[in-house]
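J.: Residue numbers (the numbering used here): 18 to 168.
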């Protein structure tokens, strides 16, 4: 019986490992400005280049304060797709037409990704908004995480 359980455990681990390797993931980010008077910039960003996180990862210790700034240049992705979006605000205040227009563009991007065989796996949003008097900064950011079988 113990051997049978061990075989099932090994089979489950092997199957899980195989499934983890069968997918590729792509992140699309929308950044929508919530800066008053329409002064911000809003975009959909999609990187065309790949990076290996391990190449830029190091272990830090209490005694190690050094930084390798040359690696930062290698991290930067200059090969990306940028789709213009409209800002949430203009001189007159919040623009619901702009929100609807952005929704249409984001929907178009998601539909294009679905047509390319990607599945929308997860969506995460965050807001950095007005922190009080004198803070005219703010963004609404959404990350769309897609996955598909490796080709």
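Even glycine gets a Cβ: it sits at the ideal position worked out from N, Cα and C.
For residue 140, I'd like the list of residues in its chain whose CB is within less than 8 angstroms of its CB, leaving aside the five on either flank, ordered along the chain.
T.: So the qualifying residues of the chain are 159, 160, 161 and 162.
J.: Could you spell out where the alpha helix (DSSP H) holding residue 143 opens and where it closes?
T.: Segment 136-145 is the beta strand (DSSP E) holding residue 143; no alpha helix (DSSP H) there.
J.: Cα separation between residue 134 and residue 122?
T.: Those two C-alpha atoms are separated by around 19 angstroms.
J.: Could I get the ranges of all uninterrupted beta strand (DSSP E) runs contained in the region 60-122, with 3 residues as the minimum, in chain order?
T.: The region 60-122 contains these whole beta strand (DSSP E) runs: 97-102.
J.: Thinking just about the alpha-carbon of each residue, which of 167, 66, 136 and 104 is nearest to the one in residue 156?
T.: Out of 167, 66, 136 and 104, 104 has the C-alpha closest to the C-alpha of residue 156.
J.: Per DSSP, what kind of secondary structure is residue 164 in: helix, strand or coil?
T.: In the structure shown, residue 164 sits in a strand (DSSP, three-state: E or B).
J.: Are the Cβ atoms of residue 58 and residue 50 separated by less than 7 angstroms?
T.: For residue 58 and residue 50, yes; Cβs fall inside 7 angstroms.
J.: Taking the straight line between their C-alpha atoms, what separation do you get for residue 146 and residue 154?
T.: Rounded to the nearest angstrom, the two C-alpha atoms are 7 angstroms apart.
J.: Can you give the beta carbon distance from residue 94 to residue 68, rounded, assuming they're within the 8 angstroms contact cut?
T.: With 8 angstroms as the limit, residue 94 and residue 68 qualify as a contact, their Cβ atoms being about 7 angstroms apart.
J.: Using the three-state DSSP reduction, which class does residue 127 fall into: helix, strand or coil?
T.: Correct three-state label for residue 127: helix.
J.: What number of angstroms, rounded off, separates the C-alpha of residue 77 from the C-alpha of residue 117?
T.: Approximately 45 angstroms, taken between the alpha carbons.
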